[in-house]
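Using numbering that gives the first Met the number 0, the first residue of the sequence shown is number 0, and each one after it goes up by one. Remarks on the structure that follows.
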Amino acid sequence: MKNLQFTMSLFLILAALSLSCGGGQKEEGPITLTIWQTYNDEENALFQELVAEYQATHADVTIQDTRLPFMGAEPKILTALATRTTPDIARVDGSFVPKLATRNALMNLDDLGMADIKDDLLPVALSSCLANGVIYAMPEQVNGLCLFYNKALFRAAGLDPERPPRTWEEFIAFGKKLTDRQKGIFGFGMRNSLWWTFPFFNTFGAPFLSEDGTRCVLNGEKGVQAFQLKVDLYRKYKIEGGGWRAGGIRDDMGFQNGKYAMVFSGPWAVKGLQAAGIDFGVGLIPEGPAGTSTNVGGNDLVIFRSCQHPDKALNFLKFMASEAVQARWCNELGQIPVNIKAEKLLDFEQHPYLKVFVEQMKTAIPRPSIPDYDELENIMNPEMQAALDGTKSVQKALDDAVRRINQEVLGKSGS
């Protein structure tokens, strides 16, 4: 029934887009839209199907896509900007949008016309498309972290395999029961990076920036409490296995080989775990003083200012973010829809974990929308490492990181 629903919806979407395409532009005959995309093999196969279906109802539009390696896309785009050889459309990481917007490289999608789809988009997905309150991209994929746990290890520790920990207090208690150092089994395995630490900060209600967005304030009381918890999981409670350390067993590998009973991960991990035969469950990030929350990642579609047919380019972006396409995309690939209306078309029987991710995204908090987000990671990560190693206190590590961020990234003096 759901397959029929989104098949019919896709037909209606294509028909509507066909009628509306180019409404703000003079008809100029057949045109070609060039797209640089970074889909993996499975995603690319479905993308090619969708492009063919779109072209079948838009005879005046030819889509020419070039597939780029995900990690190599940003430098290639920056080079293209310098040489004025950008494509019409590109798929980019959400953190890259503010940098492109500040370089005046992107079309303002608000001006092109987002009113007919804006309210259908998941707010945290749309957040990555904004720079100074203006929409410069269309959300195309959204993700965030949830708690993955090994049901077999839960059973062995006398824990209910259908009930993951709901609070940080329970998380610590469960972690102690799950940890068997003689067998090399730990309750938790984690990564050390700012993005992977946001769930801690968010569940404590720790703001990264001041209310006016001009200063980093992560070294306040809530930020210190949040990161102290992460440090304590390793140093005080000894339930974390050092997955963040150089030479340590990385969290994803440790989870697959039964060394870590719990990890944070995203929907991208599910198929690999299923293929490996891991008996696992997915739960919400444990609640802190501010409740449960997570971080936000994902990819967006942007239109470069060099595009000669922006209305038609936006029409294709709306197609990719439409209810029907998002439902089909997420049911086939097991991902989280950026279109709220697509949620009712998700096959939760086939992808039961998606229900948890959809619920988690309701309390997700976007990362700071600044042009130099990568610099935040470059500054924060060594300081957090120092606290985890015990060479700095949590307060000192955050103070030093915040001072550098304010001076070197945000251009503010003091701490």
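From the three backbone atoms N, C-alpha and C, an ideal C-beta is built for every residue, glycine too.
Residue pairing of CYS215 in beta bridges, as defined by DSSP: LEU208.
Straight through space, the alpha carbons of ASP231 and PHE46 are spaced by roughly 44 angstroms. Measuring C-alpha to C-alpha distances from ALA136 to each of PRO164, ASN191 and ALA104 identifies ALA104 as the nearest.
For TYR236 against LYS182, the beta-carbon gap comes to about 18 angstroms, at or over 8 angstroms, which does not count as contact. Looking at the backbone, the Cα of VAL123 and that of SER292 are separated by about 12 angstroms.
At the C-beta level, GLU376 and SER192 come within 9 angstroms of one another.
Scanning its chain for C-beta atoms nearer than 8 angstroms, with the 5 sequence neighbours on each side dropped, one finds around ASN218 the residues GLN394, LEU397, ASP398, ALA400, VAL401 and SER414, in chain order. Per the Cβ contact rule, the stretch 211 to 226 is not in contact with the stretch 275 to 284 (fewer than 3 Cβ pairs under 8 angstroms).
For the 9 angstroms CB-CB criterion, GLY389 and ARG154 do not form a contact. With fewer than 16 other Cβ atoms inside 10 Å of its own Cβ, ALA44 counts as exposed. Taken through DSSP and simplified to helix, strand or coil, MET113 comes out as coil. By the neighbour-count criterion, in which a residue is buried when 16 or more other Cβ atoms sit within 10 angstroms of its Cβ, GLN349 is exposed.
According to the DSSP secondary-structure assignment, GLY271 is paired through a beta bridge with no residue. VAL324 and ASN294 have their alpha carbons spaced roughly 24 angstroms apart. When secondary structure is reduced to three states using DSSP, CYS306 falls in the coil class, being assigned neither helix nor strand. The distance from the Cβ of GLU139 to that of ASN298 is about 5 angstroms, consistent with a contact at the 8 angstroms cut-off. By the neighbour-count definition (other C-beta atoms within 10 Å, threshold 16), ARG83 is an exposed residue.
The beta carbons of ARG90 and TYR38 sit closer together than 9 angstroms.
LEU111 is not a Cβ neighbour of LEU80, given a cutoff of 9 angstroms. Nearest in C-alpha terms to TYR372, of all of LEU67, GLU342, THR101 and LEU108, is THR101. SER264: member of the beta strand (DSSP E) spanning 261 to 264, first to last residue.
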